[in-house]
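By the working numbering, the letter at position 310 of the sequence shown is numbered 312, and the numbering carries on one by one without gaps.
All C-beta atoms in this analysis are idealised placements derived from N, C-alpha and C, irrespective of residue type, glycine included.
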Amino acid sequence: MKDNVVKNISDSFRINSVEAIAEAFAGELERALHNRPSSLKILPSYLSSPTGQERGEYIAVDLGGTNVRVMAVSLLGQGRSIITKQISRPLADAGQGYDLTAAASTGRDMFAFIAGLVEEVRLEGQSYKLGLTFSYPMQQDAVDKARLLEWTKEIKTSATVGRDIKLMLTEALEGRGLYPIMPTAIINDTVAAFMAGAYSEPAVCAGSICGTGHNTCYCEPSLYTPSGLPMIVNIEAGNFAAVPENFYDRRLDSQSLDPGKQRLEKMVSGKYMGELFRLVFLDLLDQQILPSPYGGQNCINQPFMLGAEVLSWLRADAPLARKQLDDWLCQQGFPHYRDQDIAMLKAAGHAIIDRAVQLIAASYLAVTERSRQLKQGQAVAVDGSVFLKLPGFAAAVEKLINQHREGYPAVALIPVANGSSLGAAVAAAQEGRST
């Protein structure tokens, strides 16, 4: 009976046809391109693929959900770069007495803080172009012109929504006398991944984030930058809705902050895969398929408290991963779990991950198909903890893509760790090519 229950759970995560998902994704893209109702978007970046020959001194700013990172970057051409100095600071630090994410703080406070970090990494007397990776909803009208539409990621900073992002940053820089530093690009993290990957690999035709969240951009052959080059577009891939849901997906969605939205992201990102595993674990406990925990409170009873690292331990075969899993089970009140119990957890974890592999592969099949006419060999530049750290994930996605592309050149998936920073610098170097 236990084996049947676990098999039924695993089967509920099975994707019957990767091709069907890819076709549905391509159809949603087509509808978005023609301004018809679609769960995807076509948001212009006003950037095209870099040449790889960009040179010069740049400042890269990556404004994330919890930290801001600033780098001084030297682009050397031929896809080479050097980070000459970098600094990272939290947006909130109780010990230092500030919280830039609270409503009591303003946009002016936040950008003044960023300008202070820029001052720390710049070389006095050196002129720089600055690129900002700003991964929040924004209305973009040019590569360097964007307005914040709303804060996400629990940020509530006031006097910022609707404001010109470049203007706020420029005023903050000028307030510190940093006149030789000019913001020239504002991009999101998917475009940053694209720019970072394409700087050293000309075959890159798409950029993607597979981490806590998920999104993708690609080079659309029918849309052009003001200078006449094919344009990179952000498609908000995490909101793709034509995906089959099971009991656990529906339960997760109902408990989320945005029910009915980000359906693909809720199946493939680290934050949500951890929650799906928690829901399966809880179901197995409720059905008495797995032994109950010793003691009281544990994270299995707390929504969204389980991260993707547990899936990494379940996925890996290394002795260290098994020890980490055993230690975690002990901490959560499950020291009595035997190999047969852990095998059930592994089966559930594998089912969740395998489905994510299939869905990501299907979406990449669709975007590489759209941009095939631009490049012969193709690559997707990918950043994010799921892609970079989940054992076997990247290789499985790449293998599945190419199994469905027989007769065409292979697609390579290129890891771009820290792509948000390097990508911002490469984007800043595009001034003149994007106008």
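Tell me where the beta strand (DSSP E) around residue i begins and ends.
i    : result
G133 : Y130 to F136
A414 : V413 to P417
R82  : R82 to P92
S224 : H216 to Y226
D260 : Premise fails: D260 is in no beta strand (DSSP E) and is neither H nor E.
M140 : M140 to A144
A104 : First-last for A104: undefined, no H or E at that position.
L65  : R57 to L65
Q458 : Absent from the structure is residue 458, since the part of the chain shown begins at 3 and ends at 437.
Would a C-beta distance cut-off of 9 Å place residue i and residue j closer than the cut-off?
i    : j    : result
N241 : K263 : yes
Y296 : G351 : no
A195 : G421 : yes
L134 : T86  : no
S50  : Q380 : no
I354 : F15  : yes
V72  : L119 : yes
I167 : V193 : no
L292 : D343 : yes
G386 : T172 : no
S504 : I89  : Here the chain comprises residues numbered 3 to 437, so residue 504 is not present and cannot be evaluated.
M170 : F113 : yes
T154 : S107 : no
Do you know offhand how far residue i's Cα is from residue j's?
i    : j    : result
A412 : H36  : 29 Å
P261 : S40  : 17 Å
E222 : G164 : 28 Å
A208 : I116 : 29 Å
L150 : G109 : 11 Å
D285 : A364 : 29 Å
K268 : V384 : 18 Å
A104 : A94  : 9 Å
D356 : V63  : 35 Å
Q142 : G79  : 28 Å
A430 : T227 : 15 Å
D341 : L313 : 16 Å
V382 : S294 : 44 Å
P204 : A174 : 36 Å
G177 : L308 : 43 Å
S258 : Y220 : 28 Å
S129 : A368 : 41 Å
E311 : A396 : 16 Å
Considering residue i, what are the terminal residues of the alpha helix (DSSP H) in which it resides?
i    : result
N69  : First-last for N69: N69 to G79, but that is the beta strand (DSSP E), not the alpha helix (DSSP H).
C332 : P321 to Q333
G109 : G109 to V123
R149 : Note, R149: premise wrong, no alpha helix (DSSP H); beta strand (DSSP E) at K147 to L150.
E21  : V20 to L35
E371 : D341 to R372
I234 : No alpha helix (DSSP H) holds I234; the beta strand (DSSP E) holding it covers P232 to N236.
V245 : Unbroken run through V245: none, as it is neither H nor E.
Q405 : F395 to Q405
Using CA atoms only, rank isn't needed, just tell me which of the options is closest to residue i.
i    : options                   : result
I157 : D143, Y138 and D146       : Y138
N6   : V359, A349 and S373       : A349
Q333 : P46, V270, A358 and I302  : I302
A2   : N10, L77, S271 and R82    : Look at the range of the chain in this structure, 3 to 437, and you will see that residue 2 is not part of it.
H406 : V8, S19, I11 and N10      : S19
A144 : A174, G127 and T186       : T186
Y48  : L278, G230 and D255       : G230
I188 : R317, E122 and I61        : I61
F389 : S210, L180 and G97        : S210
I44  : T154, E59, V8 and A239    : A239
Y181 : G127, N190, N217 and V206 : G127
Hey, which unbroken runs of the alpha helix (DSSP H) at 4 residues or more fall wholly within the segment 155–214?
Entirely contained in the segment 155–214, the alpha helix (DSSP H) runs reaching 4 residues are, in chain order, 167–177 and 191–202.
Counting only runs that start and end within the segment 269–326, where is the alpha helix (DSSP H) found for 4 or more residues in a row?
Here the runs fully enclosed are 272–288 and 311–317.
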